[in-house]
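Residue numbers (this note's numbering), protein chains in the order written: chain A, 1 to 93; chain B, 94 to 186. Step one of this worksheet: look at the structure below.
There are 2 protein chains.
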Amino acid sequence: MVTCREVIARQAFDRALRNELQATIHDARKRAAKIKEPSELWELESWLTERRRDINRWYDYRYSVLQIVFAHLIRDGHLKNDDLTGLRPESLS
Amino acid sequence: MVTCREVIARQAFDRALRNELQATIHDARKRAAKIKEPSELWELESWLTERRRDINRWYDYRYSVLQIVFAHLIRDGHLKNDDLTGLRPESLS
Chain A
1 MVTCREVIAR QAFDRALRNE LQATIHDARK RAAKIKEPSE LWELESWLTE RRRDINRWYD
61 YRYSVLQIVF AHLIRDGHLK NDDLTGLRPE SLS
Chain B
94 MVTCREVIAR QAFDRALRNE LQATIHDARK RAAKIKEPSE LWELESWLTE RRRDINRWYD
154 YRYSVLQIVF AHLIRDGHLK NDDLTGLRPE SLS
């Protein structure tokens, strides 16, 4: 049975991931539109590789690491404390 | 001493490479502008990786492989026979 806390955690996680991906799409378009030199093509490639790795590393929905994932997402501004209202206080510490 | 044939070969090679890179910049901008889904970000990354590898593989200015490089560039429309006027006929065969 899924608890209310699990629903809140999953929704907050999915929202943060969706926002992060949308921001990456926005940045990728902006970076690509500015490309003038060939070297900037390969800078875009490296940046995309780094974004993919960072997102895969950070958005890890295993219960064993979820507290630290949420703590980092709050620290980096991808989640607000309000998004996690209803979770146990110790989950946010 | 640099011969006339070497100058012609170098200029044709540089022109083809410049055109290929400009076309890649143009395509990258178009692809990025159309991105709507996150999966398309990683498709752009893969495409850039493939373009970088293809360009590095094909634009190889070693005399030992230059004939085959020019033959491929002509076959794929990146060079015209006219670009190589002045080179020995056997270089183009």
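Beta carbons are placed, not taken as given, at the ideal position from N, Cα and C, and that holds for glycine.
Taking the Cβ atom as the reference point for each residue, do residue i and residue j lie within a distance shorter than 9 Å?
i, j, result
"Glu138/B", "Glu45/A", "yes"
"Arg108/B", "Leu180/B", "no"
"Ile74/A", "Leu84/A", "yes"
"Ala126/B", "Arg51/A", "no"
"Ala105/B", "Phe163/B", "yes"
Of the residues the options, which one's Cα is nearest the Cα of residue i?
i, options, result
"Trp58/A", "Asp82/A, Glu6/A, Leu21/A", "Leu21/A"
"Ile25/A", "Ile55/A, Leu79/A, Cys4/A", "Ile55/A"
"Ile101/B", "Leu159/B, Pro131/B, Ala116/B, Ala126/B", "Leu159/B"
"Trp135/B", "Met1/A, Thr3/A, Arg53/A, Arg5/A", "Arg53/A"
"Pro131/B", "Asp60/A, Arg18/A, His72/A, Met1/A", "Arg18/A"
"Asp60/A", "Val2/A, Ile35/A, Arg10/A", "Arg10/A"
"Lys129/B", "Lys36/A, Ile35/A, Asp27/A", "Asp27/A"
Under 8 Å by Cβ, that's how I've got residue i and residue j pegged, so tell me the actual separation to the nearest angstrom.
i, j, result
"Trp140/B", "Arg124/B", "7 Å"
Segments of 4+ residues assigned as alpha helix (DSSP H) that fall wholly inside the stretch 12-69 of chain A:
38-58
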